[in-house]
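Accompanying notes for the structure given below.
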Amino acid sequence: MKYLVIGHPIAHSKSPQIHQAFAAQFNLLDFSYERCLAPLDGFAGLVAQFAEAGGAGANITLPFKEEAFRLCTKLTERAAAAGAVNTIKCVDGVLLGDNTDGAGLVADLLRHTGLAGKRVLLLGAGGAACGVLLPLLEQMPQSLTIANRSVARAMSLAEKFSGNIKIIAQAFDALEGEFDVIINATSASLSGEALPLAGSIFAKDCVAYDMMYGKGETPFMEQARLAGASQCIDGLGMLLGQAAEAFYVWTGLRADIVPVLAAMRAAL
Ligand code: NDP
Numbered sequence: 003m004k005y006l007v008i009g010h011p012i013a014h015s016k017s018p019q020i021h022q023a024f025a026a027q028f029n030l031l032d033f034s035y036e037r038c039l040a041p042l043d044g045f046a047g048l049v050a051q052f053a054e055a056g057g058a059g060a061n062i063t064l065p066f067k068e069e070a071f072r073l074c075t076k077l078t079e080r081a082a083a084a085g086a087v088n089t090i091k092c093v094d095g096v097l098l099g100d101n102t103d104g105a106g107l108v109a110d111l112l113r114h115t116g117l118a119g120k121r122v123l124l125l126g127a128g129g130a131a132c133g134v135l136l137p138l139l140e141q142m143p144q145s146l147t148i149a150n151r152s153v154a155r156a157m158s159l160a161e162k163f164s165g166n167i168k169i170i171a172q173a174f175d176a177l178e179g180e181f182d183v184i185i186n187a188t189s190a191s192l193s194g195e196a197l198p199l200a201g202s203i204f205a206k207d208c209v210a211y212d213m214m215y216g217k218g219e220t221p222f223m224e225q226a227r228l229a230g231a232s233q234c235i236d237g238l239g240m241l242l243g244q245a246a247e248a249f250y251v252w253t254g255l256r257a258d259i260v261p262v263l264a265a266m267r268a269a270l
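By the numbering used here, the letter at position 97 of the sequence shown is numbered 99, and the numbering carries on one by one without gaps.
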């Protein structure tokens, strides 16, 4: 069974190492997973060629997640809600598009804290934030607030996803009260920037989660620790979680992320 991770650039991707480790857990000897650099104007052709040649599935990364969403002939509910596809399964000429980012985040968060009945704050309103909203809402938090630098983007997500739980959209400096779980889905940490957040929004037992990961604390994790958050977690577990969910979509097998996470953490 042949799988790919398709992106541009792609050399940095850890997905082959992760999926090969998952396949080894089940002794899947015919499982092959490779990186594929797609030309910026050649994504659709490459996917069609791969599927025609018997490819079983692919992970899609930047900048092709929205193009993959438009290309797939069938979508899961969570991919439709996200407006982006990070996992394609090729089934009898049909390209089934899925989005496992949110499931990966929620699975990792649940290893550290419950979400039901919690006051959740999501920072950011880009692709990653949009992709995790439906799975977060399915956990039935008490409230969900989205804060973003461009408030209009937060408002548009709040409007799209508000249902039984009404989502509040705000600017960073307008946030009031305390939150039990604060998730950073901005890319501010990538440029080493902290967000303009008041320390008072971190509740006493607050769990702070940065989707970014790397060696040591991100600026957001440091900010949360100094504000008294009880747990500050980076996004490596989310990366493993979304991969495990994609592996399940393809194979029906639930891989154990714990040993793979430990090995990757040690190698950072
Ligand atoms: P997008 O480019 O789609 O969105 C970026 C978001 O960050 C926007 O909300 C943007 O605000 C905000 N932002 C950027 N710079 C700043 C800043 N200096 N100050 C405040 N806000 C800022 O990116 P993605 O949503 O795809 O990715 C976001 C983060 O999530 C990245 O760090 C990425 O690495 C991480 N990620 C991690 C995953 C994992 O598996 N661990 C999976 C997916 C993403 P505005 O709208 O105002 O521009």
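Yeah, the Cβ is synthetic: ideal placement off N, Cα and C, and Gly gets one too.
Excluding its 5 nearest sequence neighbours in each direction, Q141 has C-beta neighbours in its own chain below 7 angstroms: V108, L117 and A118, listed in chain order. Between F52 and L6, the CB-CB gap stays under 8 angstroms. Per DSSP, R80 is not a residue of any beta strand (DSSP E); the alpha helix (DSSP H) it occupies stretches across E79 to A84. Residue pairing by DSSP puts V96 in a beta bridge opposite V93. For I167, the secondary structure class from DSSP, reduced to helix, strand or coil, is coil. Remark: three or more beta-carbon pairs, one from each stretch, lie closer than 8 angstroms, so the stretch 85–93 and the stretch 54–72 are flagged as touching.
The stretch 167–187 makes contact with the stretch 140–154; the number of CB pairs closer than 8 angstroms reaches 3 or more. Residues of the same chain with their beta carbon placed closer than 7 angstroms to that of A269 are lacking, with the five preceding and five following residues left out of the count.
The Cβ atoms of V209 and D175 lie no closer than 8 angstroms to each other. Its Cα nearest to that of G133, the residue A86 stands out among A86, S164 and R72. For Y215, the shortest C-beta to heavy atom distance toward the ligand NDP is below 7 angstroms.
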